[in-house]
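For what it's worth, full-length UniProt numbering labels the leading residue of the sequence shown as 1, then goes sequentially.
What follows is a set of notes on a single structure, which appears directly below.
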Amino acid sequence: MTGVLAGVVLLVTLVLALSTALLIARRRLVPDLPVAVTVNDRAPFESRFGTDLLGALAAQDILLPAACGGAGTCGQCRVRVRGEIVAPMPAERARLSRAERRQGMHLACQIRLRAPLTIELPEAILGARGFEGTVLRTRFLTPLIREIVLDAPPDVTASVKAGAFVSLTAPPHDLGFDAIEVPERFSEDWAELRALRAIVTAPVTRAYSIASTPADRRQGQLVLLIRLALPPPDRPRLPPGAVSSWLFHVKEGARIAASGPHGDFRAQQGTREMVLVGGGVGMAPLRAIIHERLDQGAPQPISFWYGARRRDDLFYAEEFTALTRHHPNFRFEVALSDPRPDDGWEGRTGFVHVALREGFLRDHPEPEACDYYLCGPPLMIAAVMGVLNEAGVPPGRIFFDDFGS
Numbered sequence: 001m002t003g004v005l006a007g008v009v010l011l012v013t014l015v016l017a018l019s020t021a022l023l024i025a026r027r028r029l030v031p032d033l034p035v036a037v038t039v040n041d042r043a044p045f046e047s048r049f050g051t052d053l054l055g056a057l058a059a060q061d062i063l064l065p066a067a068c069g070g071a072g073t074c075g076q077c078r079v080r081v082r083g084e085i086v087a088p089m090p091a092e093r094a095r096l097s098r099a100e101r102r103q104g105m106h107l108a109c110q111i112r113l114r115a116p117l118t119i120e121l122p123e124a125i126l127g128a129r130g131f132e133g134t135v136l137r138t139r140f141l142t143p144l145i146r147e148i149v150l151d152a153p154p155d156v157t158a159s160v161k162a163g164a165f166v167s168l169t170a171p172p173h174d175l176g177f178d179a180i181e182v183p184e185r186f187s188e189d190w191a192e193l194r195a196l197r198a199i200v201t202a203p204v205t206r207a208y209s210i211a212s213t214p215a216d217r218r219q220g221q222l223v224l225l226i227r228l229a230l231p232p233p234d235r236p237r238l239p240p241g242a243v244s245s246w247l248f249h250v251k252e253g254a255r256i257a258a259s260g261p262h263g264d265f266r267a268q269q270g271t272r273e274m275v276l277v278g279g280g281v282g283m284a285p286l287r288a289i290i291h292e293r294l295d296q297g298a299p300q301p302i303s304f305w306y307g308a309r310r311r312d313d314l315f316y317a318e319e320f321t322a323l324t325r326h327h328p329n330f331r332f333e334v335a336l337s338d339p340r341p342d343d344g345w346e347g348r349t350g351f352v353h354v355a356l357r358e359g360f361l362r363d364h365p366e367p368e369a370c371d372y373y374l375c376g377p378p379l380m381i382a383a384v385m386g387v388l389n390e391a392g393v394p395p396g397r398i399f400f401d402d403f404g405s
């Protein structure tokens, strides 16, 4: 018995000694030193050695978009590093082009502060701020898309430009999908979803485009479109989307932590014809841009091409149809790829890129002279880019939001 106790004491002593040695080594190898960071030639601020740049900036209320929460997978927290070349991390090689890396572009979440650093950021990002919004109302628009309207601080809504997005943070939660109130017309679509559960043990942040019209913003409201992220069919055991699941549970009066506005997806200045192509929640920034341009009295032709699978996946259609009656320069076209027999659909069928090619590009005298705005699922964007390339549209005339689906 005495030998066992002696062995335990020896083992504990050894573990404590090793832990102490590791702490001492860490202090020597990773010194707790101040590191200066300069942003856009402003007065530098101090952070600590080894801190990631994304967190260091956030501590100074410089809130870069980071839909992945700093994991390096969204590629949004981009900064340009001046001076000494910093070797790119693997996540940066995956998300940044060679041209961008040659220009000094990096992901802030991948940079560890080890020496004084000078970076450049768009001035618009420096105007973003953290805030809390109150849920004013929610509603289902399609079986998997929910509209959430937030009451936001006046200075936030005043700084929103059409095409911008905000980052929303969900707290830790354990929520069953059987608690979500679903409209009767979508009950069949939800029959197999009721067994899902979303369990999150730490706060998670994701980005959502703002669908607000000028009238919404004047009322201090942010309109957001949330698509429920479900496990892919070939991997059904994966968990559903952490933030979208929580947002499908929130009710009126709930407070949501947010930051923004972010983003540089904007309508270009000038009078070139505008062609907008969207699908899914890619509707959000395109809706905001269309309303803003028409509200400003834009003289050029504006057409909106929207693709959905069936009639239940189509929303805001009456709103855009009404715009065509009040604005002769606005055209609204819808293509359903897989309408049901009972949909009674008499409009265009097939994919939206085919509708665009057959209904616009083929007969337009100068398709290369138009500006094109794309937002939707990646496959849709790739297909539209293909038909635009066939029509001779130069890349400089194509603008797209790459996370709005």
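For glycine and all other residues, C-beta sits at the position ideal for the given N, C-alpha and C.
Rounded to whole angstroms, MET274 and VAL352 show a C-alpha spacing of 16 Å.
ALA257 sits in a strand when the DSSP states are folded into three classes. PRO232 is positioned such that its CB atom lies no closer than 8 Å to that of LEU225. In terms of Cα proximity to ARG255, the closest of THR134, GLY176, PRO240 is THR134.
Distances from the CA of ARG194 to each of ARG206, PHE177, GLY280, ALA391 were compared; the closest alpha carbon is that of PHE177.
The beta carbon of CYS370 sits closer than 8 Å to those of ARG272, GLU273, MET274, VAL275, HIS364, VAL393, ARG397, all from its chain and outside the five residues before and after it, given in chain order. Closest in alpha carbon position to PRO367, among GLY376, LEU53, ASN389, is ASN389. The beta-bridge partner set that DSSP reports for LEU96 is empty. The residues HIS106, ILE111, in chain order, have a CB closer than 7 Å to that of VAL86 in the same chain once the five nearest residues on each side in sequence are set aside.
Take the alpha-carbon of CYS77 and the one of ASP338: they are about 37 Å apart. The way I'd put it, the stretch 182-194 doesn't touch the stretch 205-221; fewer than three beta-carbon pairs between them come closer than 8 Å.
In this structure, the alpha-carbon of PHE330 lies about 31 Å from that of ASP155.
Taking C-beta atoms under 8 Å as the contact rule, LEU136 and GLU252 qualify, at a distance of about 7 Å. Burial state of SER167 is buried, judged by a 10 Å Cβ sphere holding 16 or more other Cβ atoms. With contact defined as three or more Cβ pairs closer than 8 Å, the stretch 339-347 and the stretch 307-314 are in contact. Among the bridge pairs identified by DSSP, PHE45 is matched with VAL37. Closest in alpha carbon position to LEU126, among ASP52, ALA43, LEU63, VAL223, is LEU63.
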